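Notes to accompany the following structure.
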Amino acid sequence: NNRQQQQQQQGGRAPCIVGKWSLVSAFEGIPLQQIAGGSMHTAALTAGGDVFTWGLAFADRPGVPDEVVDVPIRVAGLRGVCKLACGDRHSLACTVDGSVYSWGVGTTHQ
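Residue numbers (the numbering used here): 898 to 1007.
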């Protein structure tokens, strides 16, 4: 059924449905420039150009097996980001020098 498929896609864990607003306290005092969301992860861009992701771990650590991460983790080695986008299971970042980076699941060469 649909719920079993969702659990398999999320590494066997039942989806977490938040019934109310939930503050992402990790960003208290940190100015954010942009937030983006994919189907299984979320990304935030700070005013300082750092990117944080949470949700399924493929979003911040290429090559790491899917693991649910419930707190934002800074994407290591990625600096000077000015724009951010999330696809279904991948993320993209554009830096101030015009470089574009993509990470996550790339089964269709995204």
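Where is the CB? At the ideal position from N, CA and C, for every residue including glycine. Please read these numbers as outputs of a predicted model, since none were measured by experiment.
- Message: Report the CB separation of Leu953 from Val972 in whole angstroms; it is logged as a contact under 8 Å.
- Response: The residue you call residue 953 lines up with position 56 of the sequence shown. The residue you call residue 972 lines up with position 75 of the sequence shown. At roughly 14 Å, the Cβ-Cβ gap does not stay under 8 Å, so Leu953 and Val972 are not in contact.
- Of the residues Ile970, Ile927, Lys980 and Gly926, the one placed nearest Ala933, counting alpha carbons only: For this step, residue 933 is matched to residue 36 along the sequence shown. When only C-alpha atoms are compared, the closest one is Lys980.
- Could you tell me how far apart the beta carbons of Pro928 and Ala944 are, in whole angstroms, since I believe they sit closer than 8 Å? For the purposes of this step, residue 928 is taken as residue 31 along the sequence shown, with counting starting at 1. For the purposes of this step, residue 944 is taken as residue 47 along the sequence shown, with counting starting at 1. So it is a contact: roughly 4 Å between Cβ atoms.
- Message: By the DSSP assignment, the beta strand (DSSP E) with Ile927 in it spans what residues?
- Response: Taking the sequence shown and counting its residues from 1, the one referred to as residue 927 is at position 30. Premise fails: Ile927 is in no beta strand (DSSP E) and is neither H nor E.
- Query: What's the C-alpha gap between Gly977 and Thr950?
  - Reply: Here residue 977 refers to the residue found at position 80 when the sequence shown is read from its first residue. Here residue 950 refers to the residue found at position 53 when the sequence shown is read from its first residue. As the crow flies, the alpha-carbon of Gly977 is around 16 Å from that of Thr950.
- Query: Should Ser988 be labelled buried (16 or more other beta-carbon atoms within 10 Å of its own) or exposed?
  - Reply: As a working mapping, residue 988 is identified with position 91 in the sequence shown. Answer is buried; the Cβ neighbour count reaches 16.
- Roughly how many angstroms separate the alpha carbons of Asp985 and Ser999, rounded to a whole number? Reading the sequence shown from its first residue, position 88 is the one you call residue 985. Reading the sequence shown from its first residue, position 102 is the one you call residue 999. About 12 Å.
- Task: Look at the alpha carbon of Ala990 and the alpha carbon of Ala923, and state the distance between them as a whole number of angstroms.
- Result: For this step, residue 990 is matched to residue 93 along the sequence shown. For this step, residue 923 is matched to residue 26 along the sequence shown. Those two C-alpha atoms are separated by around 21 Å.
- Query: Mapping DSSP to helix, strand and coil, what is Gly960?
  - Reply: By 1-based counting over the sequence shown, the position of residue 960 is 63. Confidence in Gly960 is poor, its pLDDT being 49 and thus under 50, which makes the residue's placement unreliable; the coordinate value appears in the next sentence. DSSP places Gly960 in coil when its eight states are reduced to three.
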